[in-house]
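Going down the list, the sequences are from chains A and B. Sequential numbering of the first sequence, starting at 15, is according to our numbering. Sequential numbering of the second sequence, starting at 202, is according to our numbering. Backbone N, C-alpha and C fix where the C-beta goes; we use that ideal spot for every residue, glycine too.
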Amino acid sequence: GQQLNQSPQSMFIQEGEDVSMNCTSSSIFNTWLWYKQDPGEGPVLLIALYKAGELTSNGRLTAQFGITRKDSFLNISASIPSDVGIYFCAGVYSGGGADGLTFGKGTHLIIQP
Amino acid sequence: EPEVTQTPSHQVTQMGQEVILRCVPISNHLYFYWYRQILGQKVEFLVSFYNNEISEKSEIFDDQFSVERPDGSNFTLKIRSTKLEDSAMYFCASKGGRSNTEAFFGQGTRLTVV
């Protein structure tokens, strides 16, 4: 099956720092999604990307859909304590409307006081 | 704001027992999904459901699993004879339209098999 390689696995940063994480795949995806998961909760959608090369922002979050359709990155600027959590990238090939998401293994974001 | 709701939030069951996990997708959505997340691991796709039938399923979704949309609002996942390794968070998700729409997830059901 399709695999997503997400890195880094974890990040320890100071409040106020910028954060960058990325996902790569050997397969092409037609849609990239970035989710955040808090402990004991379901994934919450942050940003959706639909076109190769697309750059989209949502507040302090910026994500890009790589031009090759095989990668995506997520940046968080000026991190705050509530940014702590696990961030997952997810891709959809979109052979049909019901395609399931393929998730990366997640990036644990930890903000040190 | 519309949301996907799942019940129960936590289910403890004995090995070999059947469990049914329930989901109420967002009301005008057409595509429904179940995902699984073993503690500390990534979210894994189990099955997608559209037009009252399974559209796609993963290797994890073997004969022990089944899904049903018994009425216009509920979407269920049944595990026929639970195993210890079925212990995980199970997430339901729904999507409104074709590929270029986002899937929204429920809060999950934590299944513990003892």
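If you check each beta-carbon in the segment 59-92 of chain A against every beta-carbon of chain B, the ones closer than 9 Å belong to L59, A62 and Y64.
The three-state secondary structure of D52(A), taken from DSSP, is coil. Contact annotation, Q207(B) with C293(B): C-beta distance approximately 5 Å; criterion of less than 8 Å satisfied. Taking the beta carbon of L47(A) as reference, the chain B residues within 7 Å of it are E303, listed in sequence order.
Residues I227, F305 and G307 of the same chain have their beta carbon placed closer than 8 Å to that of E204(B), with the five preceding and five following residues left out of the count. Here H122(A) is bridged, per DSSP, to S24(A) and I100(A). Look at E55(A): its C-beta is under 8 Å from a C-beta on chain B. According to DSSP, N19(A) shares a beta bridge with T38(A). Two segments are said to touch when three or more pairs of C-beta atoms, one from each, lie closer than 8 Å; by this definition the segment 92-99 of chain A does not touch the segment 37-47 of chain A. Annotation for Q238(B): the continuous beta strand (DSSP E) segment containing it runs Y232 to Q238.
If you look at D113(A), you'll find it isn't in any beta strand (DSSP E); DSSP assigns it neither H nor E. Taking the Cα positions, D287(B) is about 14 Å away from V244(B). Distance between N44(A) and A66(A), taken at the CA atoms: about 8 Å. D272(B) counts as exposed, since fewer than 16 other beta carbons sit within 10 angstroms of its beta carbon. Here D263(B) carries a coil assignment [DSSP, helix/strand/coil]. The bridge partners DSSP lists for Q215(B) come to none. Annotation for Q207(B): the continuous beta strand (DSSP E) segment containing it runs T206 to T208.
When the beta-carbon positions are compared, L63(A) and E303(B) stay at least 8 Å from each other.
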